[in-house]
Structure formats: structure tokens, C-alpha cells
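A.B. asks:
Numbering (our numbering), first residue to last: 36 to 207.
1) List, from N- to C-terminal side, the alpha helix (DSSP H) runs of 4 residues or more that fit wholly inside the stretch 111-157.
2) Compare the Cα-Cα distances from residue 138 to each of 42, 70, 165 and 36 and report the closest residue.
3) Short of 8 Å in beta carbon distance, which residues of its chain neighbour residue 88, apart from the five on each side in sequence? Order them along the chain.
4) Could you tell me the distance, in whole angstroms, from the CA atom of residue 203 to the CA atom of residue 177?
5) Exposed or buried, what is residue 122 when buried is set at 16 or more other beta-carbons lying within 10 Å of its beta-carbon?
6) For residue 86, which beta-bridge partners are listed by DSSP?
7) Quick one: what does DSSP say residue 98 is sitting in, helix, strand or coil?
8) To the nearest angstrom, how far is it from the Cα of residue 42 to the Cα of residue 53?
9) Run the CB neighbour count on residue 153, radius 10 Å, all protein chains shown included, and call it buried at 16 or more, exposed below.
10) Quick check on residue 67: does DSSP put it in helix, strand or coil?
11) What's the C-alpha gap between residue 200 and residue 46?
12) Going by alpha carbons, who is nearest to residue 133 out of 44, 206, 50 and 68?
Here it is as C-alpha cells:
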């Protein structure tokens, strides 16, 4: 299904890179920062019945990981964020990677650290799964089952500039 788009994606990726390169090639002493993200699905193994099911405890796992990590230490080497479904969490490095080649040598170790950190709080027979899409959980199926668009609610951070009551209007 995606093979027919591969040449287009490749060509436009190269064009975007060249455009950005030419736009910034004369800049000096910029430290370009970058990172990665890994989306984890929480699954539970029922060995007796030979079944694997999604675990809808992403919020609880996320809360625990954040409490043990970034809330305790702002320089913690991992960050955890909510992801698309309640069976998912997202892990990123705690700090962006910098502009030196040696930074590439730390990516895999940080990914291992994130997996170990998240795995350590899972219950028995639970695991993290990082495949592209768990069978039967595509957005289309979720929309069809719910009969409406998928809604992801994010709390509003209120400060002195936030109107009260805060009302956000969305396009129809």
C-alpha cells in the first residue's frame, strides 16, 4: 500500500533537506538539538489461553513514571508523555541531544534505559510493545466503533494571562 508513495516521499524528503540546508548553510556556531521518541503499547499475556490483550492503564503507568522521573528530578534522563490511546505511552530523552557526533552514541543506551524504566513498573505478564500498529486498533476502526472522531483532551495550563472562564472554540 505504501510502496507506490515511496519515491514521492524520498524525493520530497531530499528536497526538504536541501531547502533547509541552503537556508542555514551560512549560519555559524548554532547548536542544533534533536531527539527521538518511542511509542510503547502496553500489553498483557494470557499464556493459558494464548492471547495478548491491550492494557488500558497508560495513564496510571505514565503517572508513576513521571513521579519517579521528571517530577523528582528536572534533569532526569527520560521524559514520559501520553500517547494516542489509553493503552499507550511515549518516551523521549530527558534532554535534547546536542550537535556533536558523540551524541549519536548515546541514543540506544537512552532507549534501553526508557524501556527498562517502564518495564520495571509493569504488572506480572505485562510487557511493552513497540510495533507500528497493534492489530485491529487503527483510527478508522476506533472512529467506526465510536461513531465519532477520536477525542484527545489535554488540560489547559492556567497562568495569569489565561482568561477565566477559558473557552476554546473549534472549527466544525
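The C-beta atom is built at its ideal place from N, Cα and C for all residues, glycine as well.
C.D. replies: The structure says:
1) 142-154
2) Within the chain shown, the letter at position 103 stands for residue 138. By alpha-carbon distance to residue 138, the top candidate from 42, 70, 165 and 36 is 70.
3) Taking the chain shown and counting its residues from 1, one reaches residue 88 at position 53. So the qualifying residues of the chain are 78, 79 and 81.
4) Taking the first residue of the chain shown as position 1, residue 203 is located at position 168. Taking the first residue of the chain shown as position 1, residue 177 is located at position 142. Those two C-alpha atoms are separated by around 25 Å.
5) As a first step, residue 122 must be located in the chain shown, where it is residue number 87. It is buried - the Cβ of residue 122 has at least 16 other Cβ atoms within 10 Å.
6) The residue labelled residue 86 in the question sits at position 51 within the chain shown. Paired residues: 81.
7) Taking the chain shown and counting its residues from 1, the one referred to as residue 98 is at position 63. Three-state result, residue 98: helix.
8) Residue 42 sits at position 7 when you count from the first residue of the chain shown. Residue 53 sits at position 18 when you count from the first residue of the chain shown. Cα to Cα, residue 42 sits roughly 16 Å from residue 53.
9) For the purposes of this step, residue 153 is taken as residue 118 along the chain shown, with counting starting at 1. So residue 153 counts as buried.
10) The residue labelled residue 67 in the question sits at position 32 within the chain shown. Reduced to three states, the DSSP call for residue 67 is coil.
11) Taking the first residue of the chain shown as position 1, residue 200 is located at position 165. Taking the first residue of the chain shown as position 1, residue 46 is located at position 11. Rounded to the nearest whole angstrom, the C-alpha separation of residue 200 and residue 46 is 48 Å.
12) The count along the chain shown starts at 1 and reaches residue 133 at position 98. Nearest C-alpha to residue 133: 68.
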